[in-house]
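> I'd like to ask you about the structure that follows.
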Amino acid sequence: MSTAAARPTPARPTPARPTPGQTVGPFFGYALPYPGDSHLVPPASPGSLWLHGRVLDGLGAPVPDALLEIWQAGPDGQVPRTSGSVHRDGATFTGWGRCATDGEGGYGFWTREPGPVGSAARFVAVTVFARGLLHRLQTRAYLPPRDDAEQAALERDPLLQRLAPEQARTLLASRVDEGAVRFDVVLQGEGETVFLAPPASSAAQPERPPTP
Amino acid sequence: MGLEAHPTSPTLARERPAPDAVPGTPLPALRRGSTPELLTQADIDAEIAAEHAASAARRTAGLAVPATRNDFAPYRSSVLRHPTKDPVQADPEAVELLAPVFGERDVHASEADLTRTGTGEPIGERLVVTGRVLDGEGRPVRRQLVEVWQANAAGRYAHQRDQHPAPLDPNFTGVGRCLTDDDGTYRFTTIKPGPYPWNNHRNAWRPAHIHFSLFGTQFTQRLITQMYFPGDPLFALDPIYQSTTDPVDRELLVARYDHDVTQHEWCTGYRWDIVLTGTHRTRMEAPDPGEEHA
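Residue numbers (numbering that gives the first Met the number 0), protein chains in the order written: chain W, 0 to 211; chain E, 0 to 293.
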């Protein structure tokens, strides 16, 4: 055996081709929602934030069979690392929630204002599933600034800076009152929400047949 | 019946679909399969072939094509629900480089056996489906939530809006959860779901499938997909399966029969591995302690 062969094998297997997505379909309603799924904190509890809005289709009609999930930092700017999202204890902030839209395309989460993570602009990460949507969409709901520092963070946000103003606007949640913000998701057409994808990395783009 | 479709004209006029195509609304005429305005399977087959040719041409030209296309008109419900603009590439921020944590308090071990929800045995072919959840670098996704839901053996969901006139099974609801183990392995005991009709076009039938919901170690890896059974004769006819336009990618949606998973005088066995997209670690200061990798 050569000395080269005796070296430990690097613990990095070959990149694999990702499993494609398929639509959530029409019948997730009895499987994915669960009691308390959208209550990251108890409803209307002190310091709570009502993050709500509607999901709309290409003709501006409500989408009554969509499912939204949010994922966010806590008020302290820390990303939660605790279990308990499925069976909530009413005290632990897990940072994650799920909400099926109602008959008017509406959704709503009882959560907290995320604190700034480092010096970055504050946002809630959002995933959208729906009947008729073949692969999930991901976006960000940026929170309205509460002070000059947060305003400055929004202005230097690397994503928002690159977008045309009318595009950037689709990512800004609007302040309703001290305890409520609104964020609509427009799947298609006028005011279409900007949806996001991470930059292609070598790991995310396994071998495809070479281009002739 | 799976009231999935917005029946639209063959020219795909962008008009509001008829209100009676909204899910949950009784559609007795459709249920009898007698509505002449619906497209035929041959119409859908031709549209699928055209879309596949368009995808293949883009790939040949070196252009990116998503593995599953959201703008895939043969699936009629997608027409008004797909974005018209490409996603904007954004470097994941700190929160997006992590994923929610689930644990034993979220999921009980019994939830992985879908045949134990009633007082008796559900009707159907009992089977075990197992496999590993891996990230794009081939590393196991450990201690993470997997959710499944499916129709019963007769092709009916225990969902109030499923009006397909097939029997409900009092011993089967078709919902399960589990956590992957330290090797990324999940395992469910269930029964084989049946195919079922839906309203995408006349005489439309979905191949038998199990819905899977998966989390990775990062927000961007979130995935919901469907697992199919090998050799299903409905594959070629199904616009949802075919919305994954590359045959190599479609094959990744199909489990394989595994006689080593099959159990003596008890159940058949299928194996299906799930690979999430690659991770984006360059901005991470340190690996998350909850997801150490071998």
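We put the CB at the ideal spot given by N, CA and C, even for glycine.
#1: Using a Cβ-Cβ distance cut-off of 9 Å, determine whether valine 23 (chain W) contacts chain E.
#2: By the criterion of Cβ-Cβ separation under 8 Å, what are the contact partners of proline 65 (chain E) in chain W?
#3: Skipping 5 residues on each side, what residues in its chain have a beta carbon closer than 8 Å to that of aspartate 180 (chain E)?
#4: Flag phenylalanine 223 (chain W) as yes if its beta-carbon sits less than 9 Å from any beta-carbon of chain E, otherwise no.
#5: Please list, in chain order, the residues of the segment 170 to 183 of chain E that have any C-beta partner in chain W closer than 7 Å.
#6: Go through its chain and collect everything with a Cβ distance to alanine 151 (chain W)'s Cβ below 7 Å, but skip five positions before and after it.
#7: What three-state label does DSSP hand proline 139 (chain E) in the structure shown?
#8: What three-state label does DSSP hand proline 35 (chain E) in the structure shown?
#9: Measure the alpha-carbon distance for leucine 133 (chain W) versus serine 173 (chain W) and round it to whole angstroms.
#10: Just tell me which of W:Ala199, W:Gly57, W:Glu189, W:Pro79 has its CA closest to the CA of aspartate 70 (chain E).
#11: Which same chain residues end up closer than 7 Å to alanine 52 (chain E) when comparing Cβ atoms and leaving out the 5 residues on each side of it in sequence?
#12: Exposed or buried, alanine 235 (chain E), counting other C-beta atoms within 10 Å across all chains shown (16 or more means buried)?
#13: Rounded to whole angstroms, how far is the Cβ of threonine 22 (chain W) from the Cβ of proline 63 (chain W), which I believe are closer than 8 Å?
#14: For aspartate 56 (chain W), decide whether its Cβ has a neighbour in chain C, counting only Cβ atoms nearer than 9 Å.
#15: Pick out the complete alpha helix (DSSP H) segments inside the segment 234 to 259 of chain E, 4 residues or longer, and give them in chain order.
#16: In chain E, what lies closer than 8 Å to tyrosine 29 (chain W) by C-beta?
#17: What residues in its chain sit with their C-beta under 6 Å from that of glycine 105 (chain W), if we drop five residues either side in the sequence?
#18: Using 8 Å for Cβ pairs, my map puts tyrosine 156 (chain E) next to glycine 173 (chain E). What's the rounded Cβ distance?
#19: Compute the beta-carbon to beta-carbon distance between glutamate 264 (chain E) and serine 212 (chain E), rounded to the nearest angstrom, for a pair I have assumed lies under 8 Å.
#20: Considering only residues of the same chain and omitting the five flanking positions on each side of isoleucine 43 (chain E), which have a CB-CB separation below 8 Å?
#21: Determine which residues share a DSSP beta bridge with proline 61 (chain W) and list them.
#22: Going by other Cβ atoms of all chains shown within 10 Å of its Cβ, with 16 needed for buried, is arginine 168 (chain W) buried or exposed?
#23: Mind checking histidine 258 (chain E): buried by the 16 CB within 10 Å criterion, or exposed?
#24: Can you confirm whether leucine 171 (chain W), when its beta carbon is compared against all beta carbons of chain E, has any partner nearer than 9 Å?
#25: Is the Cβ-Cβ distance between leucine 162 (chain W) and glycine 107 (chain W) less than 9 Å?
#26: Looking only at its chain, what residues have a beta carbon closer than 7 Å to the beta carbon of serine 1 (chain W), apart from the 5 residues adjacent to it on each side?
#27: Measuring straight from C-alpha to C-alpha, what distance separates glutamine 162 (chain E) and threonine 67 (chain E)?
#28: By the criterion of Cβ-Cβ separation under 8 Å, what are the contact partners of alanine 148 (chain W) in chain E?
#29: State the beta-bridge partners of alanine 111 (chain E) as determined by DSSP.
#30: In whole angstroms, what separates the C-alpha of alanine 199 (chain W) from that of leucine 167 (chain E)?
#31: Strictly below 8 Å CB to CB, what residues from chain E border threonine 126 (chain W)?
#32: Are any of the Cβ atoms in chain E nearer than 9 Å to that of proline 205 (chain W)?
#33: Apart from the five residues on each side of it in sequence, which residues of its chain come closer than 8 Å, Cβ to Cβ, to leucine 195 (chain W)?
#34: Comparing alpha-carbon positions, which option in W:Gly46, W:Gly76, W:Ala90 lies nearest valine 116 (chain W)?
#35: Go ahead and label glutamate 50 (chain E) buried or exposed: buried means 16 or more other beta carbons lie within 10 angstroms of its beta carbon, across all protein chains shown.
#36: Consult DSSP for glutamate 120 (chain E) and reduce its assignment to one of helix, strand or coil.
The structure says:
#1: Against the first sequence, residue 23 (chain W) aligns to sequence position 24. Chain E, which has a Cβ nearer than 9 Å to the Cβ of valine 23 (chain W), makes this yes.
#2: Residue 65 (chain E) sits at position 66 when you count from the first residue of the second sequence. The contacting residues are His134.
#3: As a first step, residue 180 (chain E) must be located in the second sequence, where it is residue number 181. Same-chain partners within the cutoff: Arg141, Arg142.
#4: Because chain W spans 0 through 211 in this model, residue 223 (chain W) falls outside it and cannot be assessed.
#5: Val174
#6: Taking the first residue of the first sequence as position 1, residue 151 (chain W) is located at position 152. Correct list: empty, nothing qualifies.
#7: Here residue 139 (chain E) refers to the residue found at position 140 of the second sequence. Note: proline 139 (chain E) maps to strand in three-state DSSP.
#8: For the purposes of this step, residue 35 (chain E) is taken as the residue at position 36 of the second sequence. Here the model assigns proline 35 (chain E) a pLDDT of 49, short of 50, so the residue's position is not dependable and the matter cannot be decided.
#9: Along the first sequence, read from residue 1 onward, the residue named residue 133 (chain W) stands at position 134. Along the first sequence, read from residue 1 onward, the residue named residue 173 (chain W) stands at position 174. Cα to Cα, leucine 133 (chain W) sits roughly 29 Å from serine 173 (chain W).
#10: One-based indexing of the second sequence puts residue 70 (chain E) at position 71. Selected option, being the one with the closest Cα: W:Gly57.
#11: To locate residue 52 (chain E), count along the second sequence from 1; it is residue 53. No residues qualify anywhere along the chain.
#12: On the second sequence, residue 235 (chain E) is found 236 positions in, with the first residue counted as 1. When all chains shown are included, alanine 235 (chain E) counts as exposed.
#13: Translated into the one-based positions of the first sequence, residue 22 (chain W) becomes position 23. Translated into the one-based positions of the first sequence, residue 63 (chain W) becomes position 64. Incorrect: roughly 15 Å between the Cβ atoms, too far for contact.
#14: Checking the listed chains, one finds no chain C in this structure; the protein chains it contains are W and E.
#15: 246 to 250
#16: For the purposes of this step, residue 29 (chain W) is identified with residue 30 of the first sequence, where counting begins at 1. Near tyrosine 29 (chain W) (Cβ distances below 8 Å), the residues of chain E are Trp148, Tyr156, Ala157, His158, Gln159, Thr172, Val174.
#17: Translated into positions along the first sequence, residue 105 (chain W) becomes position 106. Cβ within range, chain order: Arg53.
#18: The residue you call residue 156 (chain E) lines up with position 157 of the second sequence. The residue you call residue 173 (chain E) lines up with position 174 of the second sequence. Yes, tyrosine 156 (chain E) and glycine 173 (chain E) are in contact; Cβ-Cβ is about 7 Å, under 8 Å.
#19: Within the second sequence, numbered from 1, the residue matching residue 264 (chain E) stands at position 265. Within the second sequence, numbered from 1, the residue matching residue 212 (chain E) stands at position 213. In fact, because the Cβ distance is near 32 Å, the residues do not count as touching under 8 Å.
#20: On the second sequence, residue 43 (chain E) is found 44 positions in, with the first residue counted as 1. Within the same chain, isoleucine 43 (chain E) has close Cβ partners Pro73, Asn199, His200, Ala203, Leu236, Pro238.
#21: Position 62 of the first sequence holds residue 61 (chain W). Its beta-bridge partners are W:Leu55.
#22: If you number the first sequence from 1, residue 168 (chain W) lands on position 169. Burial call: exposed.
#23: Here the question's residue 258 (chain E) lines up with position 259 in the second sequence. Exposed, by the Cβ-count rule.
#24: Here the question's residue 171 (chain W) lines up with position 172 in the first sequence. False, the Cβ-Cβ gap to chain E never drops below 9 Å.
#25: To locate residue 162 (chain W), count along the first sequence from 1; it is residue 163. To locate residue 107 (chain W), count along the first sequence from 1; it is residue 108. In this structure, glycine 107 (chain W) does not lie closer than 9 Å to leucine 162 (chain W) by Cβ.
#26: Numbered from 1 along the first sequence, position 2 holds the residue referred to as residue 1 (chain W). Below a pLDDT of 50, predicted positions are generally treated as unreliable, and serine 1 (chain W), at 42, falls in that range; the measurement from the model is reported next regardless. Closer than 7 Å at the Cβ level, and outside the excluded window around serine 1 (chain W), lies no residue.
#27: Locating residue 162 (chain E) in the second sequence gives position 163, counting from the first residue. Locating residue 67 (chain E) in the second sequence gives position 68, counting from the first residue. Going by the C-alpha atoms only, they are around 28 Å apart.
#28: One-based indexing of the first sequence puts residue 148 (chain W) at position 149. Going along chain E, no residue has its Cβ under 8 Å from alanine 148 (chain W), so there is no contact; the nearest lies around 17 Å.
#29: Position 112 of the second sequence, counting from 1, holds the residue named residue 111 (chain E). According to DSSP, which records beta bridges pairwise, alanine 111 (chain E) is partnered with nothing at all.
#30: One-based indexing of the first sequence puts residue 199 (chain W) at position 200. One-based indexing of the second sequence puts residue 167 (chain E) at position 168. Rounded to the nearest angstrom, the two C-alpha atoms are 45 Å apart.
#31: The count along the first sequence starts at 1 and reaches residue 126 (chain W) at position 127. Per Cβ cutoff of 8 Å: Phe218, Arg221.
#32: By one-based count along the first sequence, residue 205 (chain W) stands at place 206. Note that proline 205 (chain W) scores a pLDDT of 43, beneath 50, so its modelled location is shaky and nothing firm can be said.
#33: The residue given as residue 195 (chain W) occupies position 196 in the first sequence. Excluding positions up to five away in sequence, the list reads Gln137, Thr138, Arg139, Leu158.
#34: Within the first sequence, the letter at position 117 stands for residue 116 (chain W). It is W:Gly76 whose Cα lies nearest to the Cα of valine 116 (chain W).
#35: Counting from 1 along the second sequence, the entry for residue 50 (chain E) is found at position 51. Buried is the call here.
#36: On the second sequence, residue 120 (chain E) is found 121 positions in, with the first residue counted as 1. Coil, per DSSP.
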